[in-house]
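According to UniProt numbering, the stretch in the sequence shown is residues 1 to 327, in order.
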Amino acid sequence: MSGAPAIEDAVVTGAAGFIGSHVVEALLQRGARVVGVDRRSPREDPEAARNLSKALEHPAFRLVECDLVSDEIKPWADGADTVFHLAGVPGVRPSWGGAFSQYLECNVLATQRLMETCVSLGLRRVVLASSSSVYGDGSGPFREDGLTAPLSPYGVTKLAAERLALAYALAPASPTSVVALRYFTVYGPRQRPDMAIGRMLRAVLTGRPLRLYGDGRQRRDFTYIGDIVAGTVAAATATATAEAVNVGGGNSVSMLDVLRCVAEVTGQEVPIVSDAEQPGDVQVTAADITKARALLGYDPSVSLIEGIKRQWDWLSTHTPTVTRALS
């Protein structure tokens, strides 16, 4: 936005992840100096190495291997003007049962420790990755001032992290403002392999059936990674003190419609096996993006069919072990 401060020194937590690695690249392209923070090492984790391959070659990028739950934060946060806090444990279905302690530590405690450090250092802005899971179920479109009633332990931890960060921003004389972005079903190149569109495309590549939960009429607001990155970077310089903002694709579609799109892009039907609905899965996600348009100048531009095509093209060239097995 006009008159907004430039991003010069940025920190991106979760830098080796799907969204984080794309944000890192976008910031480097804008001329920022970027410290990427992740507990995964590219030397030991092939996915981290792949996601950060471009950034690691850039002179303005530095990677810090750090666990936000237990390691010292201040040394690499000091001097930043913006922290993009994108680290966390994702996934609705795995968050039930004994894994919850990890969600609690990585999504809530890590956020609290980071906010304490940012405020103590007087950092200007934290952009936090929240989730549409904070809303729970409903017919949508969901507005930021509407009810939040998460239906999964994952959603509970994302809402807790969001409220924590906003509380720090609203504390008297706090130097650190916060924009919490409620992401809606992000997809595109580098997408986590457990997510729906990636699973569909891999089913086509391998011939191994996709497990389709429920009747396929569940609707999701799919958001292409390039649009997510644009909204995330814009949140760093938006005029705000403590705001939660939806970042969605602006169009909620059924899983059956997505299967048809994948078939159109790949030229093959997706093999499927039906399974029961899973705990925590909602029937509808749909974002009201009025606030994002006004506050961030956000305007999603990539259609679902085009985004799936881009992800298919990327997947087809970045899965050598799969393509070799099929040859």
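Glycine included, every Cβ here is placed at the ideal spot set by N, Cα and C.
Bear in mind the structure is a predicted one, so any value in this text is a computation, not a measurement.
For Thr82, which of helix, strand or coil comes out of DSSP? strand
Proximal residues to Trp314 (C-beta, below 7 Å), its chain only, five neighbours per side dropped: Pro189
Rounded to whole angstroms, what's the CA-CA distance from Lys74 to Thr232? Just pull it up for me. 23 Å
Taking the continuous beta strand (DSSP E) assigned at Ile19, which residues delimit it? Segment 18-29 is the alpha helix (DSSP H) holding Ile19; no beta strand (DSSP E) there.
Let me confirm a value: Gln29 is counted as buried when at least 16 other C-beta atoms fall within 10 Å, else exposed. Which label applies? exposed
Which residues share a DSSP beta bridge with Thr223? Val186
Are Thr185 and Thr285 close, meaning C-beta to C-beta below 8 Å? yes
If you draw a straight line from the alpha carbon of Asp71 to that of Ile197, how long is it in whole angstroms? 35 Å
Between the alpha carbons of Met115 and Ala165, how many angstroms are there, rounded? 6 Å
Tyr213, DSSP secondary structure in three states: strand
Check this for me: beta carbons of Leu159 and Pro153, under 8 Å apart or not? no
Which class does Glu243 belong to by DSSP, given the choice of helix, strand or coil? strand
Residue range of the unbroken beta strand (DSSP E) whose run includes Val64: 61-65
Exposed or buried, Val12, counting other C-beta atoms within 10 Å across all chains shown (16 or more means buried)? buried
Could you please give the first and the last residue of the uninterrupted alpha helix (DSSP H) stretch that includes Leu56? Premise fails: Leu56 is in no alpha helix (DSSP H) and is neither H nor E.
Are the beta-carbon atoms of Met255 and Gly216 separated by less than 8 Å? yes
Where does Arg125 fall in DSSP's three states? strand
With three or more C-beta pairs closer than 8 Å as the rule, is the region 218-228 touching the region 98-113? no
Cβ neighbours of Asp78 in the same chain (closer than 8 Å, five flanking residues each side left out): Leu121
Rounded to whole angstroms, what is the Cα-Cα separation between Asp137 and Arg33? 40 Å
Residues near residue 333 by beta carbon distance below 8 Å, same chain, minus five either side: With the chain represented from 1 up to 327, any question about residue 333 goes unanswered, as that position is not in the structure.
Rounded to whole angstroms, what is the Cα-Cα separation between Leu326 and Asn246? In this prediction, Leu326 has a pLDDT of 34, which is less than 50 and means its spatial position is unreliable; nothing more can be read from the coordinates.
If Tyr224 and Gly140 are in contact, beta carbons under 8 Å, what's the gap, nearest whole angstrom? The pair is not a contact, with the Cβ atoms about 19 Å apart (cut-off 8 Å).
Using DSSP with H/G/I as helix, E/B as strand and the rest coil, what is Ile305? helix
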